[in-house]
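Residue numbers (the numbering used here): 5 to 151.
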């Protein structure tokens with residue numbers, strides 16, 4: 005892995021200790037933080053069909069990784085500025101249920117009042133136990149300490 009070369013628009017840019025890893029999809033990549041491999045899903049600003057499509061695409065990629073042996077996945081999802089429709093809720097629930105056996109811990113950044121209700125529903129449906137955080141750095145710190 006190499007030192008983080010994220011664009012300045014990426015919230016991981018400038019976070020001490022982040023190294024860039026493999027780009028999995030347009031909005032999913034593996035990063036290294038605190039010696040732990042973390043999936044970072046950048047959903048910032050996505051809404052409606054675009055958000056549900058990306059959730060499903062990233063979920064499929066993570067399930068493929070699980071089938072190759074990555075059974076204890078850590079992840080950060082940044083949903084800052086997202087708007088959840090019924091279709092988005094359905095996509096999140098489906099992917100969370102499918103990923104639950106492979107997720108060790110999930111942190112979510114950018115959860116506003118409306119998205120907190122969505123997060124609660126997804127957690128209740130899937131049992132994934134995703135936790136909300138204000139910043140990507142706080143989320144990654146929790147993931148590293150949580151393990």
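Virtual Cβ for every residue (Gly too), placed ideally from N, Cα, C.
The structure presented is a predicted model; accordingly, all values stated were derived computationally and were not measured.
On the criterion of 16 or more Cβ atoms from any shown chain inside 10 Å, does residue 97 qualify as buried, or is it exposed? buried
So the candidates are 105, 36 and 145; which of them puts its Cα closest to the Cα of residue 157? The requested residue 157 does not occur in the structure, where the chain is confined to residues 5 to 151.
According to the neighbour-count rule (16 or more other Cβ atoms, all chains shown, within 10 Å of its Cβ), is residue 118 buried or exposed? exposed
Classify residue 58 as buried or exposed, calling it buried when 16 or more other Cβ atoms lie within 10 Å of its own Cβ. buried
Residues in its own chain within less than 6 Å of residue 95 by CB, not counting five upstream and five downstream? 56, 59 and 60
Taking the C-alpha atoms as reference points, what is the distance between residue 133 and residue 122? 13 Å
Excluding the 5 residues flanking residue 109 on each side, which residues of the same chain have their C-beta closer than 6 Å to its C-beta? 78, 147 and 150
Proximity below 8 Å, CB of residue 63 to CB of residue 102: yes
Is residue 76 helix, strand or coil by DSSP? coil
Does DSSP put residue 132 in a helix, in a strand, or in coil? coil
Going by beta carbon distance, what residues of the same chain come within less than 6 Å of residue 44, once the five residues before and after it are set aside? 33, 35 and 80
Is there at least one non-hydrogen atom of the ligand SAM closer than 7 Å to the beta-carbon of residue 69? No copy of the ligand SAM occurs in the structure displayed, which carries no ligand at all.
Beta-carbon proximity list for residue 31, same chain, < 7 Å, skipping 5 on both sides: 45, 46, 47, 58 and 62
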